[in-house]
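Asker:
Residue numbers (this note's numbering): 385 to 819.
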């Protein structure tokens, strides 16, 4: 009987999503069904209490502040300086501008923490430049969409902050693990890109910049790149928490954009705050409902029921892992990564940690990576949509060139699954918990 209630609960959730109900509303209504089933007259009040308790988190305060810092830096016109530094570093390689696209995303990811912000900032500059240099438009769009997926793995990743604050995992450990995997991803992207463009005669070769030019470019970009250094250095050295780091990031970004670069004015701050407020509101209501939803999942013993069903199908941990990976990849094709994490985290995490025996940090990296594949996969792929808007091209045109990168990211995800030190070595070295 209890199993049937779980089936009804999950069915209600899926039906609401398939009907086009926003994810937060679907989770909220499914949670409300749970409280009504318990016979509570004040079900809506209980749901709201759960929601507000979910967002009453000191750690979660890091999200709006990191968003604000990224918005200030982005509005401050730092994109061109970051791209110039990337050109000075790798622009002389074969297919140099393609390599610049990837390295720029690495640099900008350490500032924005958002895949969509990365694609919008980098793509608006580099997609037209790559077209002018002879790259196929679809390839320029595909590479921008792919390189944008690096941002959620690079501190101060908003995705990792939400994951850590919602499921009680050390954000410092997640940042350290994400940094390790982002380095692997970026390197493999650059190698694959070199193979894809090396024989294209239409792509020009740029000479290496002089030492003086490199130093001048570095000098102009260094204050902007100081932001991730301050964030990571402070967190990894134990000087401040992730939330305190977010406050420092806002202060730092204001100082360098208002007084060093003088690229924004005080009169622009209300617009920046307004845009940040809208984004924060969307995230906070999703997190609040997700926490309430997680309580319902625990009350209904959903992870245990699903684990039992899976174990009836197969007793092999390897088969369970591949089954869960397939579920996450398919889910990522239709729903944004953050929403998926909040939707499925309460179900998947106990299976990975309790049934299979992975550590919380290792589990986090598997889930974030597997769901991230959907960011660049049709039909909904988040960065594909953003790239198509920024680059003014169809998703079909982009998709034609994106498949080698999708296959590569699946391979790296499998590497993350089966090579635990990729996720655990740096957090362990830095003395973080969650392992």
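Glycine included, every Cβ here is placed at the ideal spot set by N, Cα and C. All values reported here derive from a predicted model rather than from experimental measurement.
Whole angstroms is fine: what's the gap from residue 435's alpha carbon to residue 811's?
Answerer: 31 Å
Asker: Using alpha carbons as the reference points, say which of 470, 448, 498 lies closest to residue 662.
Answerer: 448
Asker: Considering only C-alpha positions, which residue in the set 771, 529, 458 is nearest to residue 788?
Answerer: 529
Asker: How would you write the range of the alpha helix (DSSP H) that residue 551 sits in, first residue to last?
Answerer: In the DSSP assignment, residue 551 falls within the unbroken alpha helix (DSSP H) covering 542 to 551.
Asker: What is the rounded straight-line gap between the Cα of residue 814 and the Cα of residue 620?
Answerer: 7 Å
Asker: Quick check on residue 409: buried or exposed, where buried means 16 or more other Cβ atoms within 10 Å of its Cβ?
Answerer: Answer is exposed; the Cβ neighbour count stays below 16.
Asker: Could you give the distance in angstroms between the alpha-carbon of residue 656 and the alpha-carbon of residue 704?
Answerer: 45 Å
Asker: In this structure, how does DSSP classify residue 453 when only helix, strand and coil are distinguished?
Answerer: helix
Asker: Alpha carbon to alpha carbon, how far is residue 418 from residue 489? Give it in angstroms, no decimals.
Answerer: 43 Å
Asker: Taking residue 600 as part of the alpha helix (DSSP H), name the residues at either end of that continuous run.
Answerer: 595 to 620
Asker: Measure the Cβ-Cβ separation of residue 761 and residue 769 and say whether it is below 9 Å.
Answerer: Cβ atoms of residue 761 and residue 769: not closer than 9 Å.
Asker: In chain order, what residues of the same chain lie with their CB nearer than 6 Å to the CB of residue 701, ignoring the 5 residues before and after it?
Answerer: Leaving aside the five residues that flank residue 701 on each side, the residues in its chain whose CB is nearer than 6 Å to its CB run, in chain order, 740.
Asker: Check for me: the alpha helix (DSSP H) holding residue 492 runs from which residue to which?
Answerer: 480 to 496
Asker: Residues in the same chain with beta-carbon distance under 7 Å from residue 517, minus the five sequence neighbours each way, listed in chain order, please.
Answerer: 481, 587, 588
Asker: Are the segment 771 to 782 and the segment 570 to 578 touching by the rule of at least three beta carbon pairs closer than 8 Å?
Answerer: no
Asker: Say whether the segment 554 to 563 touches the segment 465 to 481, bearing in mind that this needs 3 or more beta-carbon pairs closer than 8 Å, one atom from each stretch.
Answerer: no
Asker: If we call anything under 9 Å between Cβ atoms a contact, is residue 451 one with residue 484?
Answerer: no
Asker: Could you pull the start and end residues of the alpha helix (DSSP H) that residue 464 belongs to?
Answerer: 463 to 474
Asker: Enumerate in chain order the residues of its own chain whose CB-to-CB distance from residue 604 is below 6 Å, with the five nearest sequence positions on each side excluded.
Answerer: 465
Asker: Compute the beta-carbon to beta-carbon distance between residue 715 and residue 755, rounded to the nearest angstrom, for a pair I have assumed lies under 8 Å.
Answerer: That belief holds up - the Cβ atoms of residue 715 and residue 755 are roughly 7 Å apart, short of 8 Å.
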